[in-house]
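Dropping the structure here:
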C-alpha cells in the first residue's frame with residue numbers, strides 16, 4: 001500500500017490559482033469503521049468552483065481537499081465495517097452525515113470537498129456510513145457524476161414524497177447543466193413527459209436524444225413559461241427543476257400546474273440584481289416552491305437502483321482531465337465549454 | 001315551504017354600500033341531485049370584504065349572493081340525492097367543484113359567494129357534492145366558521161401529506177385572524193407545540209387559553225422569527241401559517257426548520273410595496289413554501305372528524321349580527337373590532 | 001336520436017344462459033347533470049362472469065345491464081354538465097360514487113354492471129362524475145379494457161402512496177390475466193424491474209415482449225417465490241400483484257422484500273380449500289398486505305395520463321365479439337381461450 | 001472509571017435459570033465513534049423472556065447481555081463522536097443498524113439483547129449511531145420503557161406514512177401490554193379516538209384514565225370487533241394495534257374501516273393452533289395488514305419529540321426491580337403480574 005499520494009487542496013480561496021497539488025500527501029489512516037477508497041474518478045460541480053473562489057455560502061474548511069464527487073474502489077476496511085468489503089466500487093456521499101430524513105445542524109457541516117476532504121486525490125478514507133455502492137452498469141467516470149448533480153435532480157423529483165414524480169406527469173428542465181440533464185433522464189425513465197429549455201439548436205438536439213419530448217429555445221421565446229404550459233394542454237407542469245434565478249423563476253411560475261412543485265436547486269443565474277418574483281406568487285399560482293440541497297444516503301441508494309434498472313448512462317463531457325490537470329478542468333467548466341459533466345480521471 | 005326569502009347580493013362592487021338586501025328573492029328550485037338548505041348562520045372572511053370592494057383576484061360573478069360560509073339544515077332533497085336527508089345539519093364547501101386532489105381549471109371557478117350564490121340568505125340549493133355534514137359538537141354559529149378559515153388552516157397543516165403535522169412538531173401562527181386561531185386549535189389537538197404572535201397582551205392571553213405554548217409580541221420583538229427559532233431549541237418550526245405579507249415572511253424564514261413548510265394563505269398585510277424576500281431564500285433556508293387556497297371536500301370531512309373527536313370549539317366573536325345587519329358585520333370586521341369569527345345569525 | 005336500443009340484462013343469475021338480449025330497450029333519459037354515451041366497445045372481467053353465475057360477493061341488482069367496462073362517445077349532455085361535451089370519448093368509472101379517497105358505504109354499492117347499468121348496450125347515461133376522458137392514444141376497443149383491470153393494477157402499484165412504485169423497484173406479476181398484464185406494462189413504463197410468472201413458454205414470450213425482465217414458469221419451478229427473490233439479488237420484490245389464492249400467496253411471501261407490499265386483487269384461484277398462509281406471516285416477513293378493489297376516479301385520471309404519456313397499448317385478445325355475441329364472449333373468457341382482454345365491439 | 005461491572009448474560013437458553021450474573025465483567029473499551037453509557041434503568045419485553053427460553057425467531061448470539069431497553073448517562077465519548085457529549089441522557093436503539101427507512105439484511109441482525117449486548121449491566125458502549133437522546137420530561141425508569149414497546153406502537157401508527165394517524169381517526173388497542181398502553185397514549189396525544197379492549201374492569205378503569213374513549217371487556221363481549229365498529233358510527237377503526245393472534249385477528253377484521261391498517265406487532269397469543277383468518281380477508285375487507293418490527297432511529301427521534309411535547313408519562317409497573325433481581329423481574333412479567341412496563345433500576 002502506498003504511503004503517500006497526489007492530492008489537491010484549496011490552499012487559498014482566491015480563485016483557481018489557489019488550488020495546490022501536493023505530490024507527497026499522506027494516505028490517511030483507516031479507523032475501525034472507516035473505508036479506504038482508491039479514487040479512480042472525480043467530477044466537478046459549480047459549487048466546487050465557487051468554493052475555490054470563496055463565494056460558497058455554506059460551511060467550508062481551510063485547506064480542504066476539493067470536490068464532492070468521487071468514484072473509487074475499496075482497498076481496505078476497518079475491522080468493524082460491515083457495509084463494504086475490499087474490491088467494492090463506491091461513491092462518496094455529498095453530506096457525510098446526511099443518512100436519511102432532513103439535514104440537521106450537524107449534517108450541513110459535513111460536505112465533502114467543503115468541510116471534509118474530497119475526491120481530488122488518489123486515496124481517501126470515509127466512515128462506512130458516508131459511501132454508497134456504485135450502480136453496476138457504470139464505470140468510474142460515469143459513477144463520479146452522481147454524488148452532487150444526479151442526487152440533486154433526484155431529490156427535486158422525489159424528495160417531497162406526496163408530490164413525488166409519477167408516470168404521465170410533466171417535468172420542465174432548464175438548460176444543459178448537470179442537474180438538468182439528469183432531470184431529463186430520470187423523468188423519462190419514470191414515464192414522465194419532459195419539456196427542456198436551451199439556447200442552442202445543437203444542445204436541443206442532444207436533449208431530444210436524451211429523451212426530452214419538447215425543446216424550447218428560450219432565446220427565441222421570451223415567454224417560454226407560457227409556451228410550456230400550452231404544451232401540457234393548459235394544465236401546466238407538475239415539476240420544475242429551477243436552476244436559473246430571477247428571470248427563469250418568473251417563467252417557471254407561468255409554467256407550473258396547480259399544486260405543482262418548483263424545486264430551487266441552484267446558485268446559477270445570480271442571486272442578486274433585478275427584482276425577483278416574490279412568495280406571494282406561490283399563493284396566486286397555488287404552487288409549492290422547495291429548496292433542494294443535494295440529498296440523503298437513502299435517496300442516493302434509491303436513485304442508484306433506478307439508474308441500474310433503467311441502464312441510465314450519465315453524460316460525461318467528451319474531454320476528460322487527468323488529476324494533474326484539475327485546474328484546467330475548473331477553467332473548462334467555468335468557461336462553459338462542456339456538455340454533460342466535467343470529469344477527472346485519477347490513476 | 002316559503003316561496004320567497006331575504007337575500008343579499010353584491011349588486012355593485014363599490015364597497016359595502018354595494019351590498020343590497022332583497023326581501024322577496026325567490027327560493028331556488030331543487031334539482032334531482034340538489035339539496036335545499038335553510039341557512040341558520042353565516043360567517044365572514046376577509047375575502048368576502050374585498051369581493052364587495054372589487055379587489056378579489058379570483059373569479060366572481062355580478063350580483064352574486066355573498067359569503068362562502070354557511071351553516072344550515074336540509075329541508076328538501078332531490079330524488080337522486082344520497083349523501084343527505086331532511087334534517088341533516090350541513091355546511092357549504094368553499095369551492096363547490098373541489099371534491100379531492102388538486103383544484104383544476106373548473107373548480108377554481110366554483111367559489112361560493114364569488115361565482116356561486118353564498119350564504120347571506122335564508123335558503124340556498126347546492127349540489128349534494130358541495131355540502132358536508134356539520135360536526136356533531138357544534139351549533140350553527142360555530143359550524144358557520146369552518147368552510148373558509150378552518151379548512152384553510154387545516155390544509156396548511158395537512159395538505160402536503162409528506163409534511164403533514166405530527167405530534168411533537170412546532171407550529172408558528174401569526175396574529176388572531178380566523179385562520180391563525182384555527183391553526184392554534186388544530187395544532188394543539190394534534191399534539192404539536194405552538195408559538196403564536198400577536199401585538200397585544202390581552203390577545204396573547206386568549207391565545208394562551210386556546211393552548212398556545214408561547215406568545216411573542218411582535219411589536220416588542222422585531223426579530224420574532226429568530227426568537228421563535230430559539231424557543232424550539234434552535235431547530236426551528238416545522239410549520240408556519242403565513243398570513244401577513246412581506247414583513248412577516250422575512251421573520252417566517254428566520255423561524256423555519258430545515259424542510260419546514262411555510263403555508264402562504266393570505267392577502268392580508270399587502271401584496272405590494274416594499275421588497276419581499278425572494279424565492280432564493282427557500283433554497284438558502286432549505287425549506288418549502290406552499291400556496292394554500294382553502295381545501296377540498298375530502299379535507300373538509302377529515303377536519304370535521306378531528307373537530308368532533310377533540311370537541312374543538314371555534315371562537316365566535318362576542319357580537320353576532322342578524323341577517324339584516326350584514327353590512328354592519330362587514331364594517332365591524334373591516335375595522336378589526338373582532339376576536340374570532342364574525343358571524344351572522346339567520347332566521 | 002334513437003329511442004330504443006339493443007341491451008343485455010342479467011335476467012337470471014343462473015349462468016351465462018341467464019343473460020338476455022332486449023332489441024327494443026329504451027334509451028335512458030338525460031338528467032341535468034347526466035351524460036348520454038353511445039357505447040362503441042365493452043370488455044369483460046372475471047367479476048362479470050361470476051355476477052351472471054350469482055357468485056359475486058358484492059352488491060348487485062336484479063336485471064342489471066352487465067359489464068363495468070365501457071368506452072363510448074358523448075352524444076348528449078345535461079344542461080348543468082361541465083366535465084364533458086358532445087363528441088368526447090369517455091370511459092365508465094367502475095364504482096360510480098368513488099371519486100377519490102377511500103370507498104365508503106355508499107360508493108361500494110355503485111358498481112357499474114352490478115348495481116348500476118353497464119356497458120353491454122348501445123346507449124347509457126351516467127352522472128358526469130362517473131365518467132373519465134379516454135386516453136388520446138387509444139381506440140374504443142383499447143379504452144374499454146381500462147375501467148376494471150387496468151385501474152386495479154394501477155391501484156395495486158400506486159394506491160398506498162408511501163409505498164408507491166418508484167423507478168428501480170421490483171414488481172412480481174402472476175400469469176396473463178388482464179390485471180397482471182397491465183401490471184407488467186405500468187411497471188415497465190415507470191422504470192421498474194418486472195418478474196412475471198406463467199405456465200407456458202409461449203405466454204412467457206409475449207410477456208417478454210411487453211417488457212417483463214424475467215419470466216418464471218411456475219409449473220416447472222414450484223419454489224418460484226424464492227427464485228424471484230434471488231433474481232432481485234436477495235432483497236426481494238417491493239410489489240406483488242397477487243391474483244391467485246392460497247398457493248400463490250405462499251410464494252409471494254417468499255418473494256417479498258422487507259416493507260414490500262402484496263396487493264391482493266383477485267377472486268381467481270379459489271378462496272377456499274387448503275390452508276392459507278396466515279396474517280402472522282405478514283409479521284415474520286415484515287411486509288404489508290393490502291386488499292385492492294379497483295380504484296377511484298382520481299386514480300383513473302392519473303393512470304390515463306400515464307397511459308397517454310407512455311403510449312401504453314392495452315392487449316386486446318385477437319378475437320373481438322359483437323354485441324349480439326356477448327354470451328360467446330363470456331364462454332370464451334370462462335374457457336380461458338384468451339390472451340389479453342376479451343372485448344366486445346358495439347355498433 | 002470502574003474497570004469491572006455487574007452484568008447478566010443469557011448463558012444458556014433454557015429459561016430464566018439460564019441467566020447468569022457476572023460480578024466482575026469488564027467495562028467495554030470505547031472506540032473512536034463509540035459512546036460509553038452508564039445504565040441507570042432497563043425494562044423487559046416479552047421478546048427478552050422468550051430469548052432466554054430459546055423461542056425467539058430472529059437472530060441471537062450465545063452469551064449475549066440481555067434486554068434491548070436501556071436508559072443511562074453518557075460517561076465517555078470517543079474522539080470522533082459528534083451526536084453526544086458527556087452527561088447526556090440516552091436510550092438504546094433496538095436494532096442498532098436501523099437508522100431510517102426499511103430494515104435490511106444487516107440491520108435485522110443488530111438487535112440489542114439479541115445479537116448485541118444489552119442493558120442488564122452497569123456499563124455498555126454503543127456506536128453513536130445506535131443511541132438517541134432521552135425525552136427531557138422523563139426519568140431513567142420512564143425512559144427505559146421506550147426502545148421496544150413504545151417505538152413499536154409509534155411505528156404501527158405512523159410507519160405507513162400515507163396512512164399515518166390523523167386527528168379524528170379511530171384506534172383500537174388490545175389489552176394492557178406495553179405496546180397497547182403506549183398505543184392509547186400516543187393516539188390520544190394525537191387527537192384520535194381510542195377503543196381499548198381488556199378483560200378486567202379494573203384495568204379498564206386505568207385505560208380510561210390514560211385517555212381511552214371506550215372500553216370493551218372482551219370476556220363479556222365475544223363480538224367485540226363488531227362492537228368497536230358500531231362505536232365508530234359504523235365506518236370502523238382506521239388503526240388496529242394487533243397483539244394477540246388468531247382470535248383477536250378475526251375481531252380486528254370485523255372492526256377495521258375500509259383502507260384501515262391493522263398493525264401486526266406481536267408474538268403473544270400464539271402463532272399456532274386454530275385456523276387463522278387468511279389473507280383473502282384483507283381483500284374482502286379492503287384493508288391493509290402490516291407487519292411491524294420495532295422501528296428506526298428516525299422514528300424513535302420523532303416519537304421522543306411527541307413524548308416531550310405532550311409530556312407523555314410511560315406507565316411503569318409499581319414494582320421496580322434491582323439489577324441483581326433481574327430473574328425475579330422475568331418471572332414477574334412471565335406471570336403477568338404487571339400493569340405497565342416492568343423496569344429494573346441499575347446502580
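Residue numbers (UniProt numbering), protein chains in the order written: chain A, 1 to 347; chain B, 1 to 347; chain C, 1 to 347; chain D, 1 to 347. Where is the CB? At the ideal position from N, CA and C, for every residue including glycine.
Where do the N-terminal and C-terminal ends of the beta strand (DSSP E) with residue i fall, by residue?
i, result
"residue 198 of chain B", "193-198"
"residue 108 of chain D", "Looking at the DSSP string, residue 108 of chain D is not in any beta strand (DSSP E), and its letter there is neither H nor E."
"residue 217 of chain C", "214-217"
Does residue i have its Cβ less than 8 Å from a Cβ in chain A?
i, result
"residue 282 of chain B", "yes"
"residue 151 of chain B", "no"
"residue 103 of chain B", "yes"
"residue 29 of chain D", "no"
"residue 349 of chain B", "Residue 349 of chain B is absent from the model: chain B starts at 1 and stops at 347."
Give me the Cα-Cα distance between residue i and residue j, rounded to the nearest whole angstrom.
i, j, result
"residue 21 of chain B", "residue 89 of chain B", "25 Å"
"residue 124 of chain A", "residue 34 of chain A", "10 Å"
"residue 51 of chain C", "residue 66 of chain C", "8 Å"
"residue 239 of chain A", "residue 1 of chain A", "48 Å"
"residue 42 of chain A", "residue 71 of chain A", "6 Å"
"residue 91 of chain D", "residue 264 of chain C", "39 Å"
"residue 7 of chain B", "residue 37 of chain C", "39 Å"
"residue 28 of chain B", "residue 117 of chain B", "11 Å"
"residue 128 of chain A", "residue 84 of chain A", "7 Å"
"residue 313 of chain A", "residue 249 of chain B", "42 Å"
"residue 177 of chain C", "residue 343 of chain D", "55 Å"
Comparing C-alpha positions only, which one of the options sits nearest to residue i?
i, options, result
"residue 136 of chain A", "A:252, A:73, A:251, A:57", "A:73"
"residue 139 of chain D", "D:333, D:311, D:331", "D:311"
"residue 230 of chain D", "D:328, D:168, D:257", "D:257"
"residue 180 of chain C", "C:11, C:341, C:223, C:14", "C:341"
Within 10 angstroms of its Cβ, does residue i collect 16 or more other Cβ (buried), or is it exposed?
i, result
"residue 4 of chain C", "exposed"
"residue 426 of chain C", "Residue 426 of chain C falls outside the range modelled here, since chain C spans only 1 to 347, and no answer is possible."
"residue 319 of chain B", "exposed"
"residue 149 of chain A", "buried"
Does any residue of chain B bring its CB to less than 8 Å from the CB of residue i?
i, result
"residue 253 of chain C", "no"
"residue 264 of chain A", "yes"
"residue 231 of chain A", "no"
"residue 89 of chain D", "no"
"residue 95 of chain A", "no"
Could you give the residue range of the alpha helix (DSSP H) that holds residue i?
i, result
"residue 297 of chain A", "297-309"
"residue 185 of chain B", "178-189"
"residue 152 of chain A", "151-158"
"residue 50 of chain A", "46-52"
"residue 225 of chain A", "224-231"
Taking only beta-carbon atoms, is residue i less than 8 Å away from chain D?
i, result
"residue 289 of chain C", "yes"
Just checking: is the beta-carbon of residue i within a distance shorter than 8 Å of some beta-carbon in chain C?
i, result
"residue 32 of chain B", "yes"
"residue 196 of chain A", "no"
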